[in-house]
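In full-length UniProt numbering, the protein residues as written are 1 to 343. Where a beta carbon is used, it is the ideal one built from N, C-alpha and C, also for glycine. Treat the numbers as computed from the prediction; the structure is a model and nothing was measured.
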């Protein structure tokens, strides 16, 4: 079975034709649809592969599609000719998803890419392999065995991720229309450096022309991007984003702010969770209970919004003992929550 680029272009064209319930596609129509698809794919010059689209090729493609994707194609007699469409109740090629043959090719490519395993820029390959394995092994009738976290309602990611990524690679200064929560839209001109995901959101790490420190911008709060001709401000050659984020939970780095010793007292309820899923890479624990009957957990991090948000998520199962400033912030927040719910 042919699964090269030209074959896939023909399959997609035929899939569209066979899916139609308002038009009859005869053999000449199918040949023309495939020729046009190949010309769009390969360009007008030479239209590679288009000259080979004949009746025999279409019949071979139909047989391949039925075998590879499990579709059912009706050959319907109409006078002296036949037209072709999917049978009632048949899945389309698109609905059938990748064939096992295609998945095997993808998995083979993924195996080649695993040569880059451990390289920081290719961390995403670990998740890719898991997703591909899951997709290739589970049939359409098998109950779903694995779910991956993805916020399909997150705005902006489909629209802005690609132009931001391309600006980072090309070292282009961009102008962003940014809408912070509770504030008016503002326009900032930045040199973009890095994209980071945290808590199922994506953030651009960049530097404004009029500001010495790094800033981060949530992609879902971006309302417009425009490339400019301004001079890009490069980072030092030895700049390391893993090191840059190493002292924080999340993405909010306050450059120059102290890294503090955060001491937490944790109840039995949260202890196993926190020890099996550390709050931060700096986490250390004391394997004996304290005088208050709780376990002690220590972190070396900056105090930022994401840290406080993470600690709040444990409710009364985690108590901040130090530093005093963080304990006071958590206390004041708890008092506000109490006032909110006291009635």
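Boundaries of the alpha helix (DSSP H) around residue 163: 157-170. Among the bridge pairs identified by DSSP, residue 217 is matched with 204.
Taking 8 Å as the cut-off, the beta carbon of residue 179 is found closer than this to the beta carbon of residue 221. When secondary structure is reduced to three states using DSSP, residue 199 falls in the coil class, being assigned neither helix nor strand.
In the same chain as residue 209, and ignoring 5 residues on each side of it, the C-beta atoms closer than 6 Å to its own belong to 189, in chain order. Beta-bridge annotation (DSSP): residue 78 is paired with 81. Taken atom to atom, the span from the alpha-carbon of residue 79 to that of residue 42 is near 36 Å. Going by beta carbons, residue 73 and residue 84 fall inside the 8 Å limit. Inside the stretch 296-335, DSSP marks whole alpha helix (DSSP H) runs of 4 or more residues at positions 305-312, from first to last along the chain.
Only buried fits residue 69, as 16 or more other CB atoms lie within 10 angstroms of its CB. For the pair residue 295 and residue 322, the Cα-to-Cα distance works out to about 14 Å. The beta carbon of residue 250 sits closer than 6 Å to the beta carbons of 198 and 306 from its chain, once the five residues preceding and following it are set aside; these are given in chain order. Taking C-beta separations shorter than 6 Å and ignoring five residues to either side along the sequence, the partners of residue 228 in its chain run 173 and 175, following chain order.
In the displayed model, residue 209 falls within coil according to three-state DSSP, outside both helix and strand. The C-beta of residue 55 has fewer than 16 other C-beta atoms within 10 Å across all chains shown, which makes the residue exposed. If you check the CB distance, residue 164 and residue 225 come in under 8 Å.
Scanning its chain for C-beta atoms nearer than 8 Å, with the 5 sequence neighbours on each side dropped, one finds around residue 327 the residues 320 and 321, in chain order. Sixteen is the threshold: since fewer than 16 other Cβ atoms of the shown chains lie within 10 Å of the Cβ of residue 258, the residue is exposed.
Short of 7 Å from the beta carbon of residue 318, and not among the five residues preceding or following it, lie these beta carbons of its own chain, in chain order: 264, 266, 270 and 311. Checking the DSSP bridge columns, you'll see residue 186 partnered with 178. For residue 225, DSSP records a beta bridge to 176. Here residue 337 carries a helix assignment [DSSP, helix/strand/coil]. Listed in chain order, the non-local C-beta contacts of residue 13 below 7 Å within the same chain comprise 33, 34 and 37, local neighbours out to five positions each way being set aside.
Counting other Cβ atoms within 10 Å of its Cβ, residue 93 reaches 16 or more and is therefore classed as buried. Beta-bridge annotation (DSSP): residue 263 is paired with 298 and 322. Residue 277 has its alpha-carbon roughly 27 Å from the corresponding atom of residue 217. Classified as buried, residue 303 has 16 or more neighbouring CB atoms from the shown chains inside 10 Å of its CB. In the DSSP secondary-structure assignment, residue 192 is bridged to 206. For residue 286, the enclosing beta strand (DSSP E) starts and ends at 284-286. Within the same chain, 263 and 284 come within 6 Å of residue 298 by CB-CB distance, once the 5 residues on both sides are set aside.
No Cβ-Cβ contact shorter than 8 Å links residue 244 with residue 254.
Across the structure, residue 206 and residue 287 are spaced so that their CA atoms are roughly 41 Å apart.
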